[in-house]
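Engineer: Chains W and P are the protein sequences, given in the same order. So for the first sequence, my numbering puts the first residue at 2; every next one is plus one. So for the second sequence, my numbering puts the first residue at 1184; every next one is plus one. In this text, a Cβ means the ideal position worked out from N, Cα and C, and glycines have one as well. From a predicted model like this one, the values you see are computed outputs, not experimental measurements.
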Amino acid sequence: MKVLSLIIALVMGALLTVILDDLPAWGDPNSPANAHVSAYYLENAYEQTHVPNVVTAVLADYRGFDTMFETGVVFVAVIGIMGILRREDDPKSSKKSFKRPPHQPPDPVITGVATRFIVPFMQIFGLYVIAHGHYSPGGGFQGGVILGASIILMAMTGELKSALERMTEDWFIIMTGLGFLIFAGVGLACMFYGGNFLDYSALAPLFGGTPQEAAITARYHAMLWVEIGVGFTVMSSMFAIYSYLASDGWMDRGL
Amino acid sequence: MEWLQINYNYLLVIVLLMIGLWAMIGKNNLVKKCIGMCIFQNAIIMFFISMGAKAGSTIPILNYTKVNGVKTYFTEASMYANPLTQILMLTAIVVGVATLGMALTLVQKIYSEYGTCEEDEILKKIG
């Protein structure tokens, strides 16, 4: 098996090396990947949405469907992990007690104090990354990961239970779905105002100014809502994946 | 030598793809297979990001000049790296985390059932 896999990998590498000369040169501004729609986004994104960070503009607005179902994929993954790993406490069976030996809770002094100092700053930074994603590198995914990491840090230094008191199992499942619902809700609101699904400019009647200005403002604000939804989903799904994996589905103690 | 200099980003990607594929097929330990999957994903991500680079460009966040308090944004496409590949990979990273979490969950379930992550030992216990 080892030799066979080595042969397969080498054959694939050789085939890819053969086609190297047909690939565009590195850094070529006129290569197929850099032409057409990518140039259109760079030239028109600010004019149409007033968001200087083109990545956020394309992620949340032009490619909204992609991002929405992306959030759905994360949600489905969390549901799948929960379905596979989660164990219900059965009071009748004593299976749990013999499978899980008693556990001495750790008494972290240095890491506990350091975590207590770091976590608030991490969470503020995470919120900043979500909220400032229109102007600087950032957005819902990145900020959500930072927020999730702050909760995971709490779970890793103290007990998993102390983190679960702040973010209970019910809540992170609800919030994972809620983020997806916020995203889809913004899309449905666009339909409600007579536009297409996720066509944010249909929300223009909610904002003041001339129709054109209002459409731009609507796209700008709808992007922020959408990013908040993505942040919800990513944050809670990170913690959900960690807590199910670390506690082997029992949700009683971590690593 | 010149050929290496022109293509070294693609060559790096090919090497990573080979390592990932080899680990996914040939390794006996299920966790190492997951690591191979991760390396494979990262190779694809590096491929897309290097495809989107342009010589002399900066990150795809528009620059501006301020004249008398009025901001004017530069929107020449050749000034900025390709945003599209970066977006595709941003979503691919998150899907990668989700699939890796799912894979590790299955590995953990298999371990608690059979007491081992080694493929041949699991096959022996099944058969």
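Hey, could you find the ends of the alpha helix (DSSP H) Lys1254/P is sitting in?
Structural biologist: Here Lys1254/P belongs to no alpha helix (DSSP H); instead the beta strand (DSSP E) covers Val1253 to Tyr1256.
Engineer: If distances are taken between C-alpha atoms only, which option among Leu43/W, Asn54/W, Tyr42/W and Leu24/W comes closest to Phe1230/P?
Structural biologist: Comparing Cα positions, the closest option is Leu24/W.
Engineer: For chain P, is any of its Cβ atoms less than 8 Å away from the one on Leu179/W?
Structural biologist: It does not: the Cβ of Leu179/W has no partner Cβ on chain P nearer than 8 Å.
Engineer: Can you find the residues in the same chain that come closer than 7 Å, C-beta to C-beta, to Ala215/W, ignoring five residues on each side of it along the sequence?
Structural biologist: The residues are Ala205, Phe208 and Gly209.
Engineer: Pick helix, strand or coil for Asn1246/P, following the three-state DSSP scheme.
Structural biologist: In this structure, Asn1246/P counts as coil in the three-state DSSP scheme.
Engineer: Just to confirm before moving on: does the CB-CB distance between Met1272/P and Ile1218/P stay below 8 Å?
Structural biologist: Their beta carbons are not under 8 Å apart, which means Met1272/P does not touch Ile1218/P by this criterion.
Engineer: Within the continuous alpha helix (DSSP H) that includes Gly1284/P, where are the two ends?
Structural biologist: From DSSP, the alpha helix (DSSP H) with Gly1284/P extends over Pro1266 to Tyr1297.
Engineer: I want to see whether chain P comes within less than 8 Å of Met192/W, judged by CB atoms only; does it?
Structural biologist: So, not an interface residue.
Engineer: So with CB distances below 9 Å, who are the chain P contacts of Phe142/W?
Structural biologist: Those are Leu1273, Thr1274, Ile1276 and Val1277, listed as they occur along chain P.
Engineer: Taking the alpha carbon of His133/W as the reference point, which residue from Ala36/W, Val52/W and Leu182/W has its own alpha carbon closest?
Structural biologist: Per the Cα distances, Val52/W.
Engineer: Go ahead and pull the three-state DSSP assignment for Glu228/W.
Structural biologist: Glu228/W falls in the helix class under three-state DSSP.
Engineer: Helix, strand or coil, according to DSSP, for Thr1241/P in the structure here?
Structural biologist: The answer is strand: DSSP assigns Thr1241/P an E or B state.
Engineer: Where does Gly159/W fall in DSSP's three states?
Structural biologist: Note: Gly159/W maps to coil in three-state DSSP.
Engineer: Assuming Ile1270/P contacts Val56/W under a Cβ cut-off of 8 Å, what Cβ separation, rounded to an integer in Å, is found between them?
Structural biologist: 6 Å between Cβ atoms; contact.
Engineer: Quick one: using the 10 Å Cβ neighbour count with 16 as the cut-off for buried, is Ser1295/P buried or exposed?
Structural biologist: Burial call: exposed.
Engineer: Using alpha carbons as the reference points, say which of Gly230/W, Ile229/W, Thr234/W and Ala203/W lies closest to Ala219/W.
Structural biologist: Selected option, being the one with the closest Cα: Ala203/W.
Engineer: Secondary structure at Asn1212/P, three-state DSSP: helix, strand or coil?
Structural biologist: Here Asn1212/P sits in strand by DSSP.
Engineer: Hey, how far is the Cα of Ser32/W from the Cα of Met1262/P?
Structural biologist: Their backbone Cα atoms lie some 15 Å apart in a straight line.
Engineer: Counting only C-beta atoms, is Gln1269/P closer than 8 Å to chain W at any point?
Structural biologist: It does: the Cβ of Gln1269/P has a partner Cβ on chain W nearer than 8 Å.
Engineer: Put Asn54/W into one of helix, strand or coil per three-state DSSP.
Structural biologist: Here Asn54/W sits in strand by DSSP.
Engineer: Report the CB separation of Lys1292/P from Ile85/W in whole angstroms; it is logged as a contact under 8 Å.
Structural biologist: Correct: roughly 6 Å between the Cβ atoms.
Engineer: Strictly under 8 Å for the Cβ-Cβ distance: is Met1184/P near chain W by that measure?
Structural biologist: Cβ-Cβ to chain W under 8 Å: no for Met1184/P.
Engineer: Give a yes or no on whether 8 Å exceeds the smallest Cβ distance from Met1229/P to chain W.
Structural biologist: No, no contact with chain W.
Engineer: Strictly under 8 Å for the Cβ-Cβ distance: is Leu1187/P near chain W by that measure?
Structural biologist: With 8 Å as the cut-off, Leu1187/P does not count as an interface residue toward chain W.
Engineer: Quick one: what's got a C-beta closer than 7 Å to Leu161/W's C-beta in the same chain, skipping five residues either side?
Structural biologist: Only Ser244, Ala247, Ser248, Arg254 and Gly255 meet the Cβ criterion.
Engineer: So which residues of chain W does Asn1265/P contact, with C-beta pairs closer than 8 Å?
Structural biologist: The answer, in chain order, is Ala34, Asn35 and Ser39.
Engineer: Would Trp251/W pass as a contact of Arg88/W if the rule is Cβ separation under 8 Å?
Structural biologist: Result yes, Cβ atoms of Trp251/W and Arg88/W sit closer than 8 Å.
Engineer: Measure from the alpha carbon of Tyr41/W to the alpha carbon of each residue in Ile20/W, Ile229/W, Tyr63/W and Asp29/W, then state which is nearest.
Structural biologist: If we check each option's Cα against that of Tyr41/W, Tyr63/W comes out closest.
Engineer: Mind checking if Glu89/W is an interface residue toward chain P, Cβ cutoff 8 Å exclusive?
Structural biologist: Chain P, which has no Cβ nearer than 8 Å to the Cβ of Glu89/W, makes this no.
Engineer: Let me know if Thr1268/P comes out buried or exposed under the rule of 16 or more other beta-carbons within 10 Å of its beta-carbon.
Structural biologist: Buried: at least 16 other Cβ atoms inside 10 Å.
Engineer: Taking three-plus beta-carbon pairs below 8 Å as touching, is the region 225-241 of chain W in contact with the region 133-150 of chain W?
Structural biologist: Enough Cβ pairs lie closer than 8 Å, so yes.
Engineer: Is Ile183/W close to chain P, meaning its C-beta is less than 8 Å from at least one C-beta of that chain?
Structural biologist: It does not; no Cβ of chain P falls within 8 Å.
Engineer: Counting only the same chain and skipping the five closest in sequence on each side, list residues whose C-beta sits under 8 Å from that of Pro1243/P.
Structural biologist: Taken in chain order, the residues that qualify are Tyr1263, Ala1264, Asn1265, Pro1266 and Gln1269.
Engineer: With DSSP collapsed to three states, give me the class of Tyr1263/P.
Structural biologist: In this structure, Tyr1263/P counts as strand in the three-state DSSP scheme.
Engineer: Which residues bound the alpha helix (DSSP H) around Glu1302/P?
Structural biologist: Residues Glu1302 to Ile1309.
Engineer: Should Ile1208/P and Leu17/W be called a contact, given that it needs their Cβ atoms to be closer than 8 Å?
Structural biologist: Cβ distance not < 8 Å, so Ile1208/P and Leu17/W don't count as in contact.
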